[in-house]
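Student: If you scroll down you'll find the structure; I have some questions about it.
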């Protein structure tokens, strides 16, 4: 086993274990902190795949913004942080079954990809991944349309947030 | 390659040779040397940190017309050691009702978020941890971990002042992160790279501080806010919420927050030097002259870098000990209504002018960039003045001139 595989397995345990803790711990703030650990593990996975940009952006957006806003909202809105109710519904087996089906589907899909057992070719020396990503995001034969549509969506969300938060001055 | 022009690799190669001659597998030796390198870097940063305690106390003493520590050792130089001994042997108290695990992780995470920054700090052209191609975003990501540490400390202490400090810190850091990210794009555009080392090399001819002085100013302000230092020290405002998020911490756990804060300030002084003052280089091409080639020796570069970083650190201290704390609504209004729009204008100006002027001769390019920044600054000040006058007029209206004006104390 190479060092990379050991790190991958450890990270996988971290991601899945903390994701499991997110849904099982009773303290809401601990759940948010476990979520941070899980998201950090995903960033490590990106780093192993040499996707520097995605790894760093994962930390900036998901830990730096979203998780912190979660924690902020939990701290501001809940007086009692401990949940004492039952943690499962009586029909818990339906989503469990659905989850299992999706897992089987995904695994069979991945197994059907040709050349799964080949090792990936090494990255070309001197390739600037950030530059390649930036070019792809603005070039018309790559992702410029989804990129622009997403930015319009963001703008709409911004305008909506300002409208909802603005005090009605009559 | 000799020790004098590439010391880290020279020692690394020598150690690899020694380890493999002991029949250690090459892969294991590499991993071991990485770990050794990380530990040496952390020890260097923390040793520097001990010195910073002395520098900070001496400088604040000068600003406040005092002498500062002067009893232990020459010029009080051994004072930090005494401070550390005091901190280590203090009683370690965990408050009742604290969330023990989160409470104990928080100071470690706070110090870690600062030390992580040292991974990408180039001390010299051949002395650096790693040259990331997303270096600037990495700085923002490490800052996010620092915010998380402060929330964890504030919440887990089970203390209302600590929680208030954490709330203030989050609103502060989330707001000032935006102008900082926008303004970090200015060096990115000027250098055509996000790598910290690339930005340093791009300034060998001309400092970005001259090409974009407004960006430097906005970076300084948002860096001070990110550090949570006065005038943005609402998170630990002594006169309002006692000590904010670290109120319950004693001994060395408090020491980690303190050490982290000092090292953070110095590190941001270093980043200011890297982004705007040429980092370890930036001698305006002087290093190519025959009798000045010694400027390219890594140890000289490291000294130059530390001197520039100390200057940035000194400016941050200068602001900290001269400017009073501002109120939280003023702080947020200043950010959202002033800094964010201004940084967007500076960014667009840099992006457009950089493309337009790049074909011109270099002296015209520098003059154009510098002049446009001065113009933006002048227009901003005029707008602020007009706004201030309007506000003053609106405030004066209710008082009719016939009434005798009350003397304002």
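Chains as they are written, first to last, in the numbering used here: chain A, 1006 to 1175; chain B, 6 to 414.
Glycine residues also receive a C-beta, built at the ideal position from the N, C-alpha and C atoms.
1. Name the chain B residues whose beta carbon is nearer than 9 Å to that of residue 1054 of chain A?
2. Using beta carbons (cut-off 8 Å, strictly below), is residue 1026 of chain A in contact with chain B?
3. Nearest CA to the CA of residue 263 of chain B: which residue from B/341, B/135, B/204, B/61?
4. Quick check on residue 93 of chain B - is its C-beta less than 8 Å from some C-beta in chain A?
5. Quick one: is residue 152 of chain B near chain A, going by C-beta distance under 8 Å?
6. Taking only the alpha-carbon atoms, compute the straight-line gap between residue 1132 of chain A and residue 204 of chain B and give it to the nearest angstrom.
7. Is there at least one Cβ from chain A nearer than 8 Å to residue 183 of chain B's Cβ?
8. Residues of chain A with CB under 8 Å from residue 149 of chain B, in chain order?
9. Once the 5 residues before and after residue 115 of chain B are set aside, which same chain residues still bring their CB inside 8 Å of it?
10. Any beta carbon of chain B sitting closer than 8 Å to that of residue 1133 of chain A?
11. CB-CB under 6 Å to residue 277 of chain B, same chain, minus the five flanking residues each way: which ones, in chain order?
12. Could I get the ranges of all uninterrupted alpha helix (DSSP H) runs contained in the stretch 56-99 of chain B, with 4 residues as the minimum, in chain order?
13. Counting only Cβ pairs nearer than 8 Å, list the residues of chain B close to residue 978 of chain A.
14. Could you name the residues of the same chain whose beta carbon sits closer than 6 Å to that of residue 224 of chain B, not counting the 5 residues immediately before and after it, in chain order?
15. Taking Cβ-Cβ distances shorter than 8 Å, what residues in chain B pair up with residue 1041 of chain A?
16. Under 8 Å between C-beta atoms, does residue 1107 of chain A make it to chain B?
17. Grouping DSSP H, G and I as helix and E and B as strand, with all else coil, what is residue 132 of chain B?
18. Report the residue ranges of all alpha helix (DSSP H) runs contained in full by the stretch 177-216 of chain B; include only those spanning at least 4 residues, in chain order.
19. Can you find a CB in chain B that lies within less than 8 Å of the CB of residue 1128 of chain A?
20. Does DSSP put residue 414 of chain B in a helix, a strand or coil?
21. Would you check if the stretch 351-358 of chain B and the stretch 210-224 of chain B touch, i.e. whether three or more CB-CB distances between them fall below 8 Å?
22. Determine contact between the stretch 1062-1076 of chain A and the stretch 1108-1128 of chain A, defined as no fewer than three beta-carbon pairs at a distance below 8 Å.
23. Who are the near neighbours of residue 307 of chain B in its chain, counting only those whose CB is closer than 8 Å to its CB and skipping five residues on each side?
24. With C-beta atoms as the reference, is residue 256 of chain B less than 8 Å away from residue 97 of chain B?
25. So, residue 149 of chain B versus residue 1064 of chain A, is the Cβ gap smaller than 8 Å?
26. Measure the C-alpha to C-alpha separation of residue 1077 of chain A and residue 172 of chain B and round it to an integer number of angstroms.
27. Between which residues of its own chain and residue 34 of chain B is the CB-CB distance below 7 Å, once the five residues before and five after are set aside?
28. Can you pull the chain A neighbours of residue 156 of chain B, defined as C-beta to C-beta under 7 Å?
29. Three-state secondary structure (DSSP) at residue 11 of chain B?
30. From this set, B/29, B/45, B/251, B/230, which residue's C-alpha is nearest residue 166 of chain B's C-alpha?
31. Can you tell me where the alpha helix (DSSP H) holding residue 1098 of chain A begins and where it ends?
32. Is residue 344 of chain B closer than 8 Å to residue 236 of chain B when the C-beta atoms are compared?
33. Can you name, in chain order, every residue of its own chain whose Cβ lies under 6 Å from the Cβ of residue 1167 of chain A, other than the five neighbours on each side?
Tutor: From the atom records:
1. Along the first chain, one-based indexing puts residue 1054 of chain A at 49. Ordered by position in chain B, no residue passes the 9 Å Cβ test against residue 1054 of chain A, which lies about 14 Å from the chain.
2. Here residue 1026 of chain A corresponds to residue number 21 of the first chain, with the count starting at 1. Output row for residue 1026 of chain A: interface = no.
3. As a first step, residue 263 of chain B is located in the second chain; it is residue number 258 there, counting from the start. Ranking B/341, B/135, B/204, B/61 by Cα distance to residue 263 of chain B puts B/61 first.
4. As a position in the second chain, residue 93 of chain B is number 88, starting the count at 1. With 8 Å as the cut-off, residue 93 of chain B does not count as an interface residue toward chain A.
5. Indexing the second chain from 1 puts residue 152 of chain B at position 147. Cβ-Cβ to chain A under 8 Å: yes for residue 152 of chain B.
6. Position 127 of the first chain, counted from the first residue, corresponds to residue 1132 of chain A. Position 199 of the second chain, counted from the first residue, corresponds to residue 204 of chain B. Cα-Cα distance, rounded: 18 Å.
7. As a position in the second chain, residue 183 of chain B is number 178, starting the count at 1. No, no contact with chain A.
8. Residue mapping note: residue 149 of chain B aligns to position 144 of the second chain, counting from 1. Under the 8 Å cutoff, chain A gives 1064, 1065, 1068, 1069, 1070, 1073.
9. For the purposes of this step, residue 115 of chain B is taken as residue 110 along the second chain, with counting starting at 1. Contacts found: 151, 154, 155, 158, 261, 262, 265.
10. In the first chain, the residue the question calls residue 1133 of chain A occupies position 128. Yes, because at least one Cβ of chain B sits closer than 8 Å to the Cβ of residue 1133 of chain A.
11. Counting from one through the second chain, the residue named residue 277 of chain B turns up at place 272. These residues qualify, in order along the chain: 317.
12. 84-94
13. This structure gives no information on residue 978 of chain A, because the portion of chain A shown stretches from 1006 to 1175.
14. Reading the second chain from its first residue, position 219 is the one you call residue 224 of chain B. Around residue 224 of chain B: 188.
15. Your numbering for residue 1041 of chain A matches position 36 in the first chain. Near residue 1041 of chain A (Cβ distances below 8 Å), the residues of chain B are 153.
16. Translated into the one-based positions of the first chain, residue 1107 of chain A becomes position 102. By this cut-off, residue 1107 of chain A is not an interface position.
17. The residue labelled residue 132 of chain B in the question sits at position 127 within the second chain. Of the three classes helix, strand and coil, the one that applies to residue 132 of chain B here is strand, per DSSP.
18. 201-207, 213-216
19. Numbered from 1 along the first chain, position 123 holds the residue referred to as residue 1128 of chain A. No, residue 1128 of chain A lies away from the interface with chain B (no Cβ there is under 8 Å from its Cβ).
20. As a position in the second chain, residue 414 of chain B is number 409, starting the count at 1. Note on residue 414 of chain B: pLDDT 48, under 50, position unreliable in the model; no value is reported.
21. yes
22. no
23. For the purposes of this step, residue 307 of chain B is taken as the residue at position 302 of the second chain. Closer than 8 Å at Cβ, skipping near neighbours: 128, 129, 132, 285.
24. Locating residue 256 of chain B in the second chain gives position 251, where the first residue counts as 1. Locating residue 97 of chain B in the second chain gives position 92, where the first residue counts as 1. Result yes, Cβ atoms of residue 256 of chain B and residue 97 of chain B sit closer than 8 Å.
25. Against the second chain, residue 149 of chain B aligns to sequence position 144. Against the first chain, residue 1064 of chain A aligns to sequence position 59. It is a contact, given that the beta carbons lie within the stated cut-off.
26. Within the first chain, numbered from 1, the residue matching residue 1077 of chain A stands at position 72. Within the second chain, numbered from 1, the residue matching residue 172 of chain B stands at position 167. Taking the straight line from one Cα to the other gives about 8 Å.
27. Walking along the second chain from the start, residue 34 of chain B turns up at place 29. Closer than 7 Å at the Cβ level, and outside the excluded window around residue 34 of chain B, lie 21, 24, 25.
28. The residue labelled residue 156 of chain B in the question sits at position 151 within the second chain. Simply 1073, 1076.
29. Along the second chain, one-based indexing puts residue 11 of chain B at 6. It is coil, neither helix nor strand.
30. Mapped onto the second chain, residue 166 of chain B falls at position 161. The candidate whose alpha carbon is nearest that of residue 166 of chain B is B/251.
31. The count along the first chain starts at 1 and reaches residue 1098 of chain A at position 93. From DSSP, the alpha helix (DSSP H) with residue 1098 of chain A extends over 1098-1116.
32. Along the second chain, one-based indexing puts residue 236 of chain B at 231. Along the second chain, one-based indexing puts residue 344 of chain B at 339. The answer is no: Cβ separation not under 8 Å.
33. Here residue 1167 of chain A is taken as the residue at index 162 of the first chain, counted from 1. So no residue of the chain qualifies.
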